Amino acid sequence: MTDWIRRDLKNIWHPYTQMKDCRKMPPILIEKAKGIKLYDDKGNFYYDTISSWWCNVHGHNHPRIKNAIKGQLDKLEHVLFAGFTHEKAILLAERLVKISPRGLKKVFFSDNGSTAVETALKLSFQYWNNIGKKHKKRFVSLDRGYHGDTIGAMSVSGVGMFNSIFDSLLFKSFKAPAPYCYRCPMGKSKDLCAFECVKALEVILKKNSSQISAIIAEPLVMAAGGMIIYPKEYLSKIAMLAKKYNVHLIIDEVATGFGRTGKMFACDHVNIAPDFMCLSKGITSGYLPLGVTLTTDKIYDAFYADYDKARTFYHGHTFTANPISCAAALASLEVFREEDTLGHVKGLIPMLCTYLEGIRQLPIVGDVRHIGMICAIELVKNKKTKERFDPKLRLGLEIYKAGLKKSIILRPLGDIIYLFPPLSIKKRELEYVLDATREVIGKITI
Ligand SMILES: Cc1ncc(COP(=O)(O)O)c(C=O)c1O
-2 MTDWIRRDLK NIWHPYTQMK DCRKMPPILI EKAKGIKLYD DKGNFYYDTI
48 SSWWCNVHGH NHPRIKNAIK GQLDKLEHVL FAGFTHEKAI LLAERLVKIS
98 PRGLKKVFFS DNGSTAVETA LKLSFQYWNN IGKKHKKRFV SLDRGYHGDT
148 IGAMSVSGVG MFNSIFDSLL FKSFKAPAPY CYRCPMGKSK DLCAFECVKA
198 LEVILKKNSS QISAIIAEPL VMAAGGMIIY PKEYLSKIAM LAKKYNVHLI
248 IDEVATGFGR TGKMFACDHV NIAPDFMCLS KGITSGYLPL GVTLTTDKIY
298 DAFYADYDKA RTFYHGHTFT ANPISCAAAL ASLEVFREED TLGHVKGLIP
348 MLCTYLEGIR QLPIVGDVRH IGMICAIELV KNKKTKERFD PKLRLGLEIY
398 KAGLKKSIIL RPLGDIIYLF PPLSIKKREL EYVLDATREV IGKITI
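For the sequence shown, the numbering used here gives the first residue as -2, with consecutive numbering after it.
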């Protein structure tokens, strides 16, 4: 153990980590990064196959983004955002409104994914209050959905492993079955599916819409819940239900936004007009923290009044619309255009599909799913019965260790291995990563 690691373990408590594990398997000290590679203090490198927690889009140390950050530092590093504003926030809001699904015209800034979600929940809640529908104060969310670790975001999440301990702290939300096609909660097979999970959601709405403020969902990919990729029709159908039952639709694009699914937003795969869209992570290409909640004029107008405490949205965060973060976000959007990032991703898809089909044939692979640059490989003890491995085996940890030996970062979600690389990944890098992943899975002997 190096001196740096000893000092890390003395004072630092890492997230999502049983710190006792760190004694046996200390964190890796990263000294620098370039492109999709992270370099440690011992001369090793790792492919950043999970985009440093689903954030990095254009690769590390990108000159365009770096220079934008440096340039902004020379002008203005931070300013309060009530009573004051700055150019980068104005420019970014204009750009976001331009590229977002129709109807989203107002931008509320915050500083991470959870705060973007909290903002949407509170805006939806207060909107109904402001227009006199005070009983509309509950939310519908999906089993296995994940929207962050703050109390409100956890209350509308359904990932037991993360939240169950805090259950008594959370407000109750209605839970609809997840569109988890491989393990259909409605007991259907793909060929017999008639979107029974949507019908179950409609039952909740029919009975309770007078109390419901909003439905919240991750579009097309339920990320932390297991990289569950669901049919586009499901998203269209829940958008229709939201309209039919007069409840808001909050689309959480924190993980899927900024090209991950092959389009700028996962929403762009379907023609929907959500009431709220939450963004973070990839917005700055993962360089700096920033959260955004977009909403409609209709919602904004319900708060717009002569000075009236009850109507005003009393909510904010210190680092709201941080100028350096906004500058990074603007530069990242420029890089999308200059490097034709979405075109590059499109070009990689055929090769990705071929490799994934190969991986599907491995004896412990139950399901393989992908959209854009997000891929998930679900491991099973028995391919036919879909029986899961015993969690006590800590298969995830074994995979993580085996991945590191091959210079790739695999942090499985339970028995689901996934790849979520920066969109700038080169063809030969992706080939290596897929080969290495196949080798890691192929060598598991449990
Ligand atoms: C869909 C989704 N929403 C919200 C969040 C929370 O974001 P943050 O970790 O920045 O609070 C995450 C984080 O993984 C996420 O995947």
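Backbone N, C-alpha and C fix where the C-beta goes; we use that ideal spot for every residue, glycine too.
Note that the structure is a prediction, hence the values are computed from the model and not measured.
Below 7 Å CB to CB, which residues in the same chain sit around tyrosine 177 once its five sequence neighbours on both sides are set aside? Shown here for tyrosine 177: same chain residues with a beta carbon closer than 7 Å to its own, the five before and five after excluded, namely Arg141, Ile225 in chain order.
Through-space distance from glycine 256 to valine 54, alpha-carbon basis: 8 Å
At a cut-off of 7 Å, would you count valine 244 as near ligand 1, judging by its Cβ distance to the nearest heavy atom? no
Histidine 448: first and last residue of the uninterrupted alpha helix (DSSP H) it sits in: Not covered by the structure: residue 448. The range shown for the chain is -2 to 443.
Can you give me the Cβ contacts of isoleucine 368 inside the same chain, cut-off strictly under 7 Å, excluding the 5 residues immediately before and after it? Closer than 7 Å at the Cβ level, and outside the excluded window around isoleucine 368, lie Leu217, Val218, Ile226, Thr258, Gly259.
Buried or exposed: tryptophan 125, going by 16 or more other Cβ atoms within 10 Å of its Cβ? buried
Determine the extent of the alpha helix (DSSP H) in which lysine 72 is found, giving its start and end residues. Here the alpha helix (DSSP H) through lysine 72 covers 60 to 72.
Do alanine 175 and leucine 139 come within 8 Å of each other at the CB atom, strictly closer than that value? yes
So, with DSSP's three-state summary, where would you put cysteine 275? Note: cysteine 275 maps to strand in three-state DSSP.
May I ask which residues mark the beginning and end of the beta strand (DSSP E) holding glycine 528? Past the edges of the chain, shown from -2 to 443, lies residue 528, and the structure says nothing about it.
Quick check on the DSSP output: what are the complete beta strand (DSSP E) runs of length 3 or more inside the segment 174 to 227, in order along the chain? Segments of the beta strand (DSSP E) lying fully in the segment 174 to 227: 209 to 214.
For aspartate 37, the three-state DSSP class (helix, strand or coil): strand
Lining residues of ligand 1 - beta-carbon closer than 6 Å to any non-hydrogen atom, in sequence order: Contact residues of ligand 1 (beta-carbon closer than 6 Å to any heavy atom; chain order) are Asn109, Gly110, Ser111, Val114, Tyr143, His144, Gly145, Glu215, Ala220, Ala221, Asp249, Val251, Ala252, Ser277.
C-alpha distance - histidine 266 paired with arginine 61, whole-angstrom precision: 28 Å
Please report the straight-line C-alpha distance between alanine 90 and valine 104, rounded to a whole angstrom. Distance from the CA of alanine 90 to the CA of valine 104, rounded to the nearest whole angstrom, comes to 6 Å.
Of the residues Asn243, Pro418, Leu392, Leu390, which one's Cα is nearest the Cα of cysteine 372? The shortest Cα separation from cysteine 372 among Asn243, Pro418, Leu392, Leu390 belongs to Pro418.
Valine 342, DSSP secondary structure in three states: helix
Distance CB(cysteine 275)-CB(threonine 292) smaller than 8 Å: no
In the DSSP assignment, what are the bridge partners of glutamate 375? Residue pairing by DSSP places glutamate 375 opposite Asp364, Ile413 in a beta bridge.
Any idea if cysteine 264 is buried or exposed, counting beta-carbon neighbours within 10 angstroms, 16 or more meaning buried? A buried status is given to cysteine 264, since no fewer than 16 other beta-carbon atoms sit within 10 Å of its beta-carbon.
Whole beta strand (DSSP E) elements within the segment 62 to 138, 3-residue minimum: 101 to 107
CB of leucine 345 within 8 Å of CB of alanine 221, strictly: Leucine 345 is not a Cβ neighbour of alanine 221, given a cutoff of 8 Å.
Mind checking which residues open and close the beta strand (DSSP E) that includes phenylalanine 42? 42 to 44
Since I believe aspartate 37 is in contact with threonine 317 (beta carbons under 8 Å), could you give me their beta-carbon distance rounded to a whole number of angstroms? Going by Cβ atoms, the distance from threonine 317 to aspartate 37 rounds to 35 Å, so no, they are not a contact pair.
Determine whether the beta carbon atoms of isoleucine 66 and alanine 326 lie at a separation below 8 Å. no
Label alanine 236 either buried or exposed according to how many other C-beta atoms from any shown protein chain fall within 10 Å of its C-beta, with 16 as the threshold for buried. buried
Thinking tyrosine 179 and aspartate 364 are a contact (beta carbons under 8 Å), I'd like their distance in whole angstroms, please. 4 Å
Could you pull the DSSP bridge partners for histidine 55 from this structure? In the DSSP output, where bridge partners are listed per residue, histidine 55 has none listed.
Environment of threonine 315 [buried if 16+ CB atoms lie within 10 Å]: exposed
Can the beta-carbon of isoleucine 212 be found closer than 8 Å to that of leucine 246? yes
What number of angstroms, rounded off, separates the C-alpha of leucine 285 from the C-alpha of histidine 312? Looking at the two C-alpha atoms, the distance is approximately 22 Å.
Reference alanine 399; option with closest CA among Ile413, Lys383, Arg366, Thr434: Thr434
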